[in-house]
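Just so you know, the protein sequences line up as chains A and B, in that order. When we follow our numbering, the leftmost residue of the first sequence carries the number 77, and every step to the right adds one. When we follow our numbering, the leftmost residue of the second sequence carries the number 129, and every step to the right adds one. Note that the Cβ used here is the ideal one computed from N, Cα and C, for glycine as well. These numbers were taken from a predicted model, which means no experiment stands behind them. One structure below.
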Amino acid sequence: MFLCRGSVIALADVRANNMNPLFIEGARSPLFGVHHPSDSISGQALLFLPPFAEENNRSRHVAAALARDCARRGIQVFLLDPYGTGDSGGDFGEADWQTWLEDGRKAVTWLRKRGGSRLTLAGLRSGGLLATRLASELDLPPERLVLWSPVTNGGRFLQQFLRLRVAARITGGSDGGENIDDLLVQLSGGESLEIGGYVLNPDMAHQLAENKLEAMTPPTGTGVLWLETGGETSDGLKPGSTRIANHWRAAGLDVTSETVAGPSYWLRQEPEPCPALVESTMRWLTQGEPGNA
Amino acid sequence: MRANEINKNLKHLIGEVLQLGTRADALEADTALLGNLPELDSMAVATLIASMEEFFDIFIEDDEISAETFETFGSLCSFVEDQLSR
């Protein structure tokens, strides 16, 4: 067994699924990731950028399911643990958004060197925000961008994270305690905050808050798949997401969007599979490939 | 978004966040939430607020929300209607 800080990868699983846990060079330290190789010569590769803090731990199984399906269909996948997350070097409290962007660039380089000439960037939740930003900044744009329930507003997302710490106050549990504004003041004063077991440093908070999907436009040639989960399958997305997707379409981007029936798996303490999400993603990724509809 | 859509979407969000399953379908305007649903602890409230912000694309400030907001399903629906009407 590989027994690491945050994850346990059974050797039997490794052999059965042909997954390679390994370290690559990151911006500030070696980064852990799981590579799902493919023996296809198509050059297709997918880099998956994970969500923030505890959401990463809760959603790993869904990313792994995507990776297995992709590898079976000729797309090699790298599931990256950015700096300070998972089994990568560094502490979460020392991580920041700029480092994670640079880690993404390093992972892209690593995949391209391994025959990944046709790159898909994929991200879940804040990983989707990171993937979009990375897609917009790469010298060589990715062929495709897959967004799973992306965080659209980094500032709002930061407030939601801070709210976890003052949760009791909302329902009157602790009168007169700190509120979100107090926490923001502490951050702007250079203080790191402990939130639900994670240390949030001011640089991470500040940089995260600066990122909004509506201020980013992926490169025009990059095909986009935007998927969300909900009570039932539909053509639509959440209202705010629809607005941004349409804005990108108006800018000339090819955006496919859909809500699939499934749980908010990144919130669940117990792993809950989301097969419709993976199926829908695979359909889009393999459309137009030989042997597919 | 019309009131009945807000109603339907909020039921789904509450059901999702609290993992109520089909119990969420039974929520009515006068169904008590805070203090009545054991799943609705302070962490669940924070998560529900975040889900509401994400779904309805709104920003909920500290001082706009209190225990009263979560008193009943009806009070929560009214809150969202109010937020969306701005």
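Inset, instruction - Tell me threonine 309/A's beta-bridge partners as DSSP assigns them. - result: Within the first sequence, residue 309/A is the residue found at index 233, counting from 1. The partner list for threonine 309/A (beta bridge, DSSP) is empty, contrary to what the question assumes.
Inset, instruction - Note down, in chain order, each residue of its chain lying with its Cβ closer than 6 Å to the Cβ of proline 278/A, except the 5 sequence neighbours on either side. - result: Counting from one through the first sequence, the residue named residue 278/A turns up at place 202. Excluding residues within five positions, the ones whose Cβ falls inside 6 Å are Leu263, Gly266.
Legend entry - Beta-carbon gap between aspartate 228/B and threonine 200/B smaller than 8 Å: The question about residue 228/B has no answer, for chain B in this structure spans 129 to 214.
Legend entry - Chain-order list of residues whose beta-carbon lies under 7 Å from that of phenylalanine 99/A (same chain, five-residue window excluded): Walking along the first sequence from the start, residue 99/A turns up at place 23. Pro106, Leu107, Phe108, listed in sequence order.
Legend entry - Contact between the stretch 341-349 of chain A and the stretch 123-143 of chain A (3+ Cβ pairs under 8 Å): Under the 8 Å Cβ criterion, the stretch 341-349 of chain A counts as touching the stretch 123-143 of chain A, having at least three qualifying pairs.
Inset, instruction - Would you decide whether alanine 281/A is buried or exposed? Buried here means 16 or more other CB atoms lie within 10 Å of its CB. - result: Within the first sequence, the letter at position 205 stands for residue 281/A. With 16 or more neighbouring CB atoms inside 10 Å of its own CB, alanine 281/A falls in the buried class.
Legend entry - C-beta neighbour in chain B for methionine 77/A, strict 8 Å: In the first sequence, residue 77/A corresponds to position 1, counting from 1. In this predicted model, methionine 77/A has a pLDDT of only 44, less than 50, meaning its place in the structure is not dependable enough to derive any value.
Inset, instruction - Within the stretch 166-224 of chain A, note down every full alpha helix (DSSP H) run reaching 4 residues or more, in order along the chain. - result: Every alpha helix (DSSP H) of 4 residues or more that sits fully in the stretch 166-224 of chain A is shown, in chain order, as 173-189, 202-213.
Inset, instruction - Would you kindly work out how many angstroms separate the C-alpha atoms of aspartate 169/B and isoleucine 188/B, rounded to a whole number? - result: As a working mapping, residue 169/B is identified with position 41 in the second sequence. As a working mapping, residue 188/B is identified with position 60 in the second sequence. Each residue's CA atom was taken as its position, placing aspartate 169/B and isoleucine 188/B some 18 Å apart.
Legend entry - Contact residues within the stretch 325-345 of chain A, judged by C-beta distance below 9 Å to chain B: Using a CB distance below 9 Å, the part of the stretch 325-345 of chain A facing chain B consists of Pro339, Ser340, Leu343, Arg344, ordered along the chain.
Legend entry - Alpha carbon of arginine 81/A to alpha carbon of threonine 362/A, nearest angstrom: Against the first sequence, residue 81/A aligns to sequence position 5. Against the first sequence, residue 362/A aligns to sequence position 286. The predicted model places arginine 81/A with a pLDDT of 48, which falls under 50 and marks its position as unreliable; any figure quoted below should be read in that light. Spanning the two alpha carbons is a distance of roughly 35 Å.
Inset, instruction - Determine, using beta carbons only, whether glutamine 262/A comes closer than 8 Å to chain B. - result: The count along the first sequence starts at 1 and reaches residue 262/A at position 186. Output row for glutamine 262/A: interface = no.
Inset, instruction - Determine the closest residue to asparagine 132/B out of Leu148/B, Glu144/B, Arg151/B, Leu155/B, with distance taken between C-alpha atoms. - result: As a first step, residue 132/B is located in the second sequence; it is residue number 4 there, counting from the start. Comparing C-alpha distances from asparagine 132/B to each of Leu148/B, Glu144/B, Arg151/B, Leu155/B shows the shortest one belongs to Leu155/B.
Inset, instruction - Can you pull the chain A residues whose beta carbon is under 8 Å from the beta carbon of valine 173/B, in chain order? - result: For the purposes of this step, residue 173/B is identified with residue 45 of the second sequence, where counting begins at 1. Within chain A, Ala243, Ile246, Thr247 have C-beta atoms less than 8 Å from the C-beta of valine 173/B, given in sequence order.
Inset, instruction - Measuring only between beta-carbons, confirm whether glycine 82/A sits less than 8 Å from chain B. - result: Within the first sequence, the letter at position 6 stands for residue 82/A. Interpretation of glycine 82/A is limited by its pLDDT of 48, a score under 50 that renders its predicted location unreliable; no figure is taken from the coordinates.
Inset, instruction - Please name the residue, chosen from Gly199/A, Glu348/A, Ile256/A, Lys288/A, that lies closest to leucine 122/A on a Cα-to-Cα basis. - result: For this step, residue 122/A is matched to residue 46 along the first sequence. Selected option, being the one with the closest Cα: Gly199/A.
Inset, instruction - Sort out for me which residues DSSP pairs phenylalanine 99/A with in a bridge. - result: For the purposes of this step, residue 99/A is identified with residue 23 of the first sequence, where counting begins at 1. Per DSSP, the beta bridge partners of phenylalanine 99/A are Phe108/A.
Legend entry - Interface partners of leucine 162/B on chain A, CB under 8 Å: Walking along the second sequence from the start, residue 162/B turns up at place 34. Near leucine 162/B (Cβ distances below 8 Å), the residues of chain A are Thr247.
Inset, instruction - Classify threonine 357/A as helix, strand or coil using the three-state DSSP reduction. - result: If you number the first sequence from 1, residue 357/A lands on position 281. Three-state DSSP puts threonine 357/A in a helix.
Inset, instruction - Please confirm if proline 315/A has its CB atom under 8 Å from at least one CB of chain B. - result: Within the first sequence, residue 315/A is the residue found at index 239, counting from 1. Contact with chain B is found for proline 315/A, since one of that chain's Cβ atoms lies less than 8 Å from the residue's Cβ.
Legend entry - Euclidean distance between Cα positions of glycine 202/B and asparagine 229/A: Locating residue 202/B in the second sequence gives position 74, counting from the first residue. Locating residue 229/A in the first sequence gives position 153, counting from the first residue. In this structure, the alpha-carbon of glycine 202/B lies about 28 Å from that of asparagine 229/A.
Inset, instruction - With DSSP collapsed to three states, give me the class of phenylalanine 154/A. - result: Here residue 154/A is taken as the residue at index 78 of the first sequence, counted from 1. Of the three classes helix, strand and coil, the one that applies to phenylalanine 154/A here is strand, per DSSP.
Inset, instruction - Give every residue of the same chain whose Cβ lies closer than 8 Å to the Cβ of glycine 149/B, excluding the five residues on either side of it in the sequence, and list them in chain order. - result: Looking up residue 149/B in the second sequence gives position 21. Once the five neighbours on either side are set aside, the close Cβ partners of glycine 149/B are Gly143.
Legend entry - For aspartate 203/B: DSSP bridge partner residues: The count along the second sequence starts at 1 and reaches residue 203/B at position 75. Checking the displayed sequence, the identity of residue 203/B turns out to be serine instead of aspartate. Note: serine 203/B sits in no beta bridge, so no partner.
Legend entry - Touch test, the stretch 168-184 of chain B against the stretch 237-247 of chain A, Cβ-Cβ under 8 Å, three pairs minimum: The stretch 168-184 of chain B makes contact with the stretch 237-247 of chain A: 3 or more CB pairs, one atom from each, lie closer than 8 Å.
Legend entry - Cβ of phenylalanine 184/B within 8 Å of any chain A Cβ: Taking the first residue of the second sequence as 1, we reach residue 184/B at position 56. Among the residues facing chain A, phenylalanine 184/B is included, as its CB has a counterpart in that chain under 8 Å away.
Inset, instruction - State yes or no: is the C-beta of tryptophan 173/A within less than 8 Å of the C-beta of glutamine 345/A? - result: As a working note, residue 173/A is residue 97 in the first sequence. As a working note, residue 345/A is residue 269 in the first sequence. At the C-beta level, tryptophan 173/A and glutamine 345/A stay beyond 8 Å of one another.
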